[in-house]
Amino acid sequence: MESAVSFQNEPAGAQETFVIYDLETTGLYPDSDEIIQIAAVRYRSGRLCPEDAFASFARPRRPISAFIESYTGIGNHHVRDAARPEEVLGAFARWAEDATLIAHNGHRFDSKFLTATCLRHALPAREVPCIDSIRLSKLAFGTARGTGHSLDRLIDRLRIRTDGIRRHDARGDVAILARAVDLLRHQLGLDPSFAGVPRHTTLLPETTPSAKRPDEARRSVPQVCPME
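Numbering follows our numbering, with no gaps: position 56 of the sequence shown is 131.
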């Protein structure tokens, strides 16, 4: 259930809603690999909303490789009863509504998988604005050679606690990323709309006002782990 938020006397742009998300996939190539997990949490009016979260496995058309299972901890038995990637993406789009998306390395990776899934399955799609959180890291820590802006580097620089969080599982990584985005916004002195931060676009399946919120995803899979 979404928390009650008052928008009275808030600065312009404060009401803009963001969805911080992460994907796990069968490989690195959007044209041939598929999504196997999506996790996300809402960020509204400059506040994380850990109770308003989305998480779902997705069942690819080819078996998950031993390498990917070792890397992510996600095996074929986890996705056996899950919906297909395009169906999970539709549920995610309904849950996300008209939010701006935020992902780490999203411009080069996550956004490409969202777009590729829509195109591969000829889904009616809409353009969605996105922020790559690597841009926030570069604004905060510079672009000198060797600086590095991986999520691991952010964990170290921002001193984010990761006790009990499984890395390379989308639920764990999105919990870390959400904390990092919030810390970076405050460190950079950005308003809740992230004004001035460049956007790119991706595709999500088109939704209609009558479309159900994706309670079906919440019933069958765990939500993203709560964030402090």
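No residue lacks a Cβ here, since even glycine has one placed at the ideal position from N, Cα and C.
These numbers were taken from a predicted model, which means no experiment stands behind them.
Return the CA-CA distance between residue i and residue j, expressed in angstroms with no decimal places.
| i | j | result |
| --- | --- | --- |
| Arg228 | Arg234 | 10 Å |
| Arg137 | Arg195 | 15 Å |
| Asp173 | Cys205 | 11 Å |
| Gln262 | Ser212 | 10 Å |
| Glu109 | His153 | 15 Å |
| Gly150 | Asp244 | 11 Å |
| Ala250 | Asp97 | 9 Å |
| Phe188 | Gly264 | 31 Å |
| Ala191 | Ala141 | 24 Å |
| Phe93 | Ala178 | 10 Å |
| Ala270 | Gly181 | 18 Å |
| Ala130 | Leu279 | 16 Å |
| Asp266 | Leu214 | 14 Å |
| Glu99 | Tyr146 | 10 Å |
| Ile95 | Thr222 | 24 Å |
| Gly239 | Arg117 | 22 Å |
| Val163 | Asp106 | 18 Å |
| Arg155 | Ile111 | 11 Å |
| Arg260 | Arg122 | 11 Å |
| Leu252 | Arg246 | 10 Å |
Determine, using beta carbons only, whether residue i and residue j come nearer to each other than 9 Å.
| i | j | result |
| --- | --- | --- |
| Ser208 | Val256 | yes |
| Arg169 | Ala133 | no |
| Cys71 | Glu161 | Only positions 76 to 303 of the chain appear in the structure, and residue 71 is not among them; the question remains open. |
| Ala157 | Asp248 | no |
| Asp185 | Thr282 | no |
| Asp232 | Val272 | Note on identity: in this sequence residue 232 is Arg, with Asp being the wrong assignment. No, they are not a contact pair. |
| Val203 | Ala166 | no |
| Ser268 | Glu126 | no |
| Gly346 | Arg241 | Since the first residue of the chain shown is 76 and the last is 303, residue 346 is not available in this structure. |
| Thr101 | Pro135 | yes |
Could you spell out where the beta strand (DSSP E) holding residue i opens and where it closes?
| i | result |
| --- | --- |
| Pro280 | His275 to Pro280 |
Could you tell me the boundaries of the alpha helix (DSSP H) in which residue i lies?
| i | result |
| --- | --- |
| Thr192 | Asp185 to Arg195 |
| Val272 | Val272 -> no alpha helix (DSSP H), and no H or E assigned at all. |
Name the DSSP bridge partner or partners of residue i?
| i | result |
| --- | --- |
| Leu207 | Here residue 207 turns out to be Asp, not Leu, going by the sequence shown. Partner(s): Ala178. |
| Phe93 | Tyr118 and Thr175 |
| Leu98 | Ile113 |
| Ala49 | Here the chain comprises residues numbered 76 to 303, so residue 49 is not present and cannot be evaluated. |
Are the C-beta atoms of residue i and some chain D residue less than 9 Å apart?
| i | result |
| --- | --- |
| Val163 | Absent from the structure is chain D; it holds one protein chain and no more. |
At which residue ranges does the segment 226-270 contain complete alpha helix (DSSP H) runs of 4 or more residues, listed in the order of the chain?
226-233 and 245-263, all fully within the segment 226-270.
Whole beta strand (DSSP E) elements within the segment 118-157, 3-residue minimum
Runs found: 122-132.
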